[in-house]
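**Student:** Following this message is one structure expressed as structure tokens.
Numbering (full-length UniProt numbering), first residue to last: 1 to 541.
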């Protein structure tokens, strides 16, 4: 089935209805037959840049804490009495939490809206950074570090797949792709900073409590500040509709929220013994021409507190749309691999004579280089919307690059006398080429999945991709950590890079099986055509 056919199926259900924000009681004013709906006025909200900036800082500060221990494994082991595997599991806590409770976050955004969701994420981030200070000063034990990571992981659950939701609701169509790219790249930028900044505060020569304190206080200051900004500077909703797709999704979300409030009000009144008063209020609203939605229908359609409704929506989409399933597999292979290798990179490169500081810079380059370049490249992709073609090309280049990296490490000179060779090879192939390729993938996959699954809510479709990536990350991190152990050898490090190459190849195969639907694009074209027709009819009249 083509993208146009899918869009026409959607239009039969609701795309040809009047725009949600253009009805304005037309039937009540003009009798049973309403005039043609007025065109929907589209524009970007001026506060969209503030919302985007605050979200980026929340995401960056959280990603910093996700990966921060991987660059100072030996120092953390010594101070908190941990093994290397236990230090690696600090980062794994994030992905365990995401895999476990991501669908709760989907329901949270549906019920509370964006502002409350981001505020909760920022508060959990600040609490996690504060617990690390408690662990440092009062009880230097790994248990508190794990508790801190659990709070930080709540923030990750609420932010990692939120960029397409913000981009689709707040930014006009011409800015949507770039906005999604910048918001998505904040995660990788934060991971890059997370592997680099710790080496400024903590080194093999600076491993005392005061040095760790400088790092933890730095993180807490950022998290506490952005928490206050999230409370006071994020509006509850956009004042203007940025696109036809945003108008449709926002309208449906407001209907769900209103139905939830109605259910809560009726249950509260009935629990207080006020059934008669409620029936009188319903009768008055009917006399005024308002619609009273029965509780049974609301409960069936909205399901406000049942997380399994979100899971069932995702399963139905996966069953009926194989392309969505294949894209989820590709996300598991490509995105999960990025985060898993970033976690163990210093251990992988240490047998080749690469220091923790140098590994930090290599990881920083890998995670940040594509982040800087992607926003300038994405407008070209947006113009043609060939997401599949670009993703397949990136996967092929990445697989070839990883193969060259394995060969360069396998047949290189002895590390003792040629350490510079391995530093240069790692910088070029992992920090450079792989970094450029990998960091294009997340925003492209987010845009692609919305096109494939529209009109499914963005708060559900994108988290399914990141759920698969986090599950893959969890598995790969555990496997890589077991392979490397506490004192990895060259052979064990090469086994990790060979495994990463195989995973890249499998991700590329999955992308080849995706059919490039354009459901959101076709819907917006249909709505634009409808509004142009309405304008012509109104002008002729």
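Note that CB positions come from ideal geometry on N, CA and C, so glycine has one too.
(1) In angstroms with no decimal places, state the Cα-to-Cα distance between residue 129 and residue 149.
(2) Distance check for residue 101 and residue 50, CA to CA, integer angstroms please.
(3) For the region 446-459 against the region 103-115, are there 3 or more C-beta pairs whose distance is under 8 Å?
(4) Taking its Cβ as the centre, do 16 or more other Cβ atoms sit within 10 Å of residue 52, making it buried, or is it exposed?
(5) Tell me, please, whether the region 419-433 touches the region 344-362 by the rule of three or more beta-carbon pairs shorter than 8 Å.
(6) Within the continuous alpha helix (DSSP H) that includes residue 169, where are the two ends?
(7) Taking DSSP as the reference, what is the three-state secondary structure of residue 90?
(8) From residue 532 to residue 225, what distance separates their C-alpha atoms?
(9) Between which residues of its own chain and residue 151 is the CB-CB distance below 8 Å, once the five residues before and five after are set aside?
(10) Give me whichever residues DSSP pairs with residue 42 in a beta bridge.
(11) What span of residues does the alpha helix (DSSP H) with residue 66 cover, start to end?
(12) Counting Cβ pairs, one atom from each stretch, are 3 or more of them under 8 Å apart for the region 502-515 and the region 326-333?
(13) So, residue 340 versus residue 189, is the Cβ gap smaller than 8 Å?
(14) Determine which residues share a DSSP beta bridge with residue 206 and list them.
(15) From this set, 137, 140, 115, which residue's C-alpha is nearest residue 162's C-alpha?
(16) If you draw a straight line from the alpha carbon of residue 386 to that of residue 335, how long is it in whole angstroms?
(17) For residue 176, which residues in the same chain have their Cβ closer than 6 Å to its Cβ, ignoring the five residues on either side in sequence?
(18) Mind reading off the beta-carbon distance from residue 495 to residue 514? Whole number of angstroms is fine, and I expect it under 8 Å.
(19) Between residue 105 and residue 182, is the Cβ-Cβ spacing less than 8 Å?
(20) With DSSP as the reference, label residue 152 as helix, strand or coil.
(21) Of all the options 46, 266, 485, 468, which has the alpha carbon lying nearest to the alpha carbon of residue 89?
(22) DSSP state of residue 234, grouped into three classes?
(23) Who are the near neighbours of residue 24 in its chain, counting only those whose CB is closer than 6 Å to its CB and skipping five residues on each side?
(24) By the DSSP assignment, the alpha helix (DSSP H) with residue 83 in it spans what residues?
(25) Measure the beta-carbon distance from residue 62 to residue 159 and round it to whole angstroms, keeping in mind my assumption that it falls under 8 Å.
(26) Hey, does residue 238 have any beta-carbon neighbour from chain B nearer than 8 Å?
(27) For residue 246 and residue 184, I'd like the C-alpha separation in whole angstroms.
(28) For residue 86 and residue 169, I'd like the C-alpha separation in whole angstroms.
(29) Taking Cβ to Cβ, would you say residue 367 is nearer than 8 Å to residue 439?
(30) Anyone know if the C-beta pair for residue 543 and residue 91 falls short of 8 Å?
(31) For residue 436 and residue 173, I'd like the C-alpha separation in whole angstroms.
(32) Please confirm whether any heavy atom of the ligand COA lies closer than 7 Å to the CB of residue 502.
(33) Can you check whether the CB of residue 500 is closer than 8 Å to the CB of residue 337?
(34) So is residue 524 buried or exposed if we call it buried at 16+ other beta carbons inside 10 Å?
(35) Measuring only the C-alpha atoms, how far is residue 399 from residue 73?
(36) Tell me whether residue 321 sits in a helix, a strand or coil according to DSSP, three-state version.
**Tutor:** On the basis of the data shown:
(1) Mapped onto the chain shown, residue 129 falls at position 129. Mapped onto the chain shown, residue 149 falls at position 149. In this structure, the alpha-carbon of residue 129 lies about 9 Å from that of residue 149.
(2) Residue numbering aside, residue 50 sits at position 50 when the chain shown is read from its first letter. Residue numbering aside, residue 101 sits at position 101 when the chain shown is read from its first letter. One C-alpha to the other measures close to 28 Å.
(3) With a cut-off of 8 Å, the region 103-115 and the region 446-459 count as touching, because enough Cβ pairs lie within range.
(4) For the purposes of this step, residue 52 is taken as the residue at position 52 of the chain shown. Counting C-beta atoms within 10 angstroms of its own C-beta, residue 52 has 16 or more neighbours from the protein chains shown and is therefore classed as buried.
(5) Yes, since at least three Cβ pairs between the region 419-433 and the region 344-362 fall closer than 8 Å, the two stretches touch.
(6) If you number the chain shown from 1, residue 169 lands on position 169. Counting along the chain, the alpha helix (DSSP H) containing residue 169 begins and ends at 163-170.
(7) In the chain shown, the residue the question calls residue 90 occupies position 90. It is helical.
(8) Within the chain shown, the letter at position 532 stands for residue 532. Within the chain shown, the letter at position 225 stands for residue 225. Roughly 46 Å between the two C-alpha positions.
(9) Start at 1 with the first residue of the chain shown, and residue 151 comes out as number 151. For residue 151, where only same-chain residues beyond five positions count, the Cβ hits under 8 Å are 124, 125, 127, 128, 131.
(10) Counting from one through the chain shown, the residue named residue 42 turns up at place 42. Paired residue(s): 241.
(11) For the purposes of this step, residue 66 is taken as residue 66 along the chain shown, with counting starting at 1. In the DSSP assignment, residue 66 falls within the alpha helix (DSSP H) that extends over 48-67.
(12) As far as the Cβ criterion goes, the region 502-515 touches the region 326-333, which means the pair count is three or higher.
(13) Your numbering for residue 340 matches position 340 in the chain shown. Your numbering for residue 189 matches position 189 in the chain shown. Judged by their CB atoms, residue 340 and residue 189 are not nearer to each other than the 8 Å cut-off.
(14) For the purposes of this step, residue 206 is taken as residue 206 along the chain shown, with counting starting at 1. Residue 206 is bridged to 203.
(15) By 1-based counting over the chain shown, the position of residue 162 is 162. Nearest of 137, 140, 115 to residue 162, Cα basis: 115.
(16) Taking the first residue of the chain shown as 1, we reach residue 386 at position 386. Taking the first residue of the chain shown as 1, we reach residue 335 at position 335. In this structure, the alpha-carbon of residue 386 lies about 20 Å from that of residue 335.
(17) Sequence index remark: in the chain shown, residue 176 carries index 176 (1-based). Taking C-beta separations shorter than 6 Å and ignoring five residues to either side along the sequence, the partners of residue 176 in its chain run 167, following chain order.
(18) For the purposes of this step, residue 495 is identified with residue 495 of the chain shown, where counting begins at 1. For the purposes of this step, residue 514 is identified with residue 514 of the chain shown, where counting begins at 1. That pair is no contact at about 30 Å.
(19) The count along the chain shown starts at 1 and reaches residue 105 at position 105. The count along the chain shown starts at 1 and reaches residue 182 at position 182. Cβ atoms of residue 105 and residue 182: not closer than 8 Å.
(20) Your numbering for residue 152 matches position 152 in the chain shown. Of the three classes helix, strand and coil, the one that applies to residue 152 here is helix, per DSSP.
(21) Here residue 89 is taken as the residue at index 89 of the chain shown, counted from 1. Here the closest residue by C-alpha is 485.
(22) For the purposes of this step, residue 234 is taken as the residue at position 234 of the chain shown. Of the three classes helix, strand and coil, the one that applies to residue 234 here is coil, per DSSP.
(23) Against the chain shown, residue 24 aligns to sequence position 24. In this predicted model, residue 24 has a pLDDT of only 36, less than 50, meaning its place in the structure is not dependable enough to derive any value.
(24) For this step, residue 83 is matched to residue 83 along the chain shown. Per DSSP, residue 83 is not a residue of any alpha helix (DSSP H), being assigned neither H nor E.
(25) Residue mapping note: residue 62 aligns to position 62 of the chain shown, counting from 1. Residue mapping note: residue 159 aligns to position 159 of the chain shown, counting from 1. Indeed they touch by this definition, with Cβ atoms about 6 Å apart.
(26) Going by chain labels, chain B is absent from the structure shown, which holds only one protein chain.
(27) Position 246 of the chain shown, counted from the start, is the residue given in the question as residue 246. Position 184 of the chain shown, counted from the start, is the residue given in the question as residue 184. Each residue's alpha carbon lies about 19 Å from the other.
(28) Here the question's residue 86 lines up with position 86 in the chain shown. Here the question's residue 169 lines up with position 169 in the chain shown. One C-alpha to the other measures close to 40 Å.
(29) Position 367 of the chain shown, counting from 1, holds the residue named residue 367. Position 439 of the chain shown, counting from 1, holds the residue named residue 439. Their beta carbons are under 8 Å apart, which means residue 367 touches residue 439 by this criterion.
(30) In the structure displayed, the chain extends from 1 to 541; residue 543 sits before or after that span and is not available.
(31) Looking up residue 436 in the chain shown gives position 436. Looking up residue 173 in the chain shown gives position 173. Rounded to whole angstroms, the separation of the alpha carbons of residue 173 and residue 436 is 25 Å.
(32) Looking at this structure, you won't find the ligand COA or any other ligand, since it has none at all.
(33) Indexing the chain shown from 1 puts residue 337 at position 337. Indexing the chain shown from 1 puts residue 500 at position 500. Closer than 8 Å, so yes.
(34) Looking up residue 524 in the chain shown gives position 524. It counts as buried.
(35) Translated into the one-based positions of the chain shown, residue 399 becomes position 399. Translated into the one-based positions of the chain shown, residue 73 becomes position 73. Using only the alpha carbons, I get a separation of about 29 Å.
(36) Reading the chain shown from its first residue, position 321 is the one you call residue 321. Residue 321: coil per DSSP, three-state reduction.
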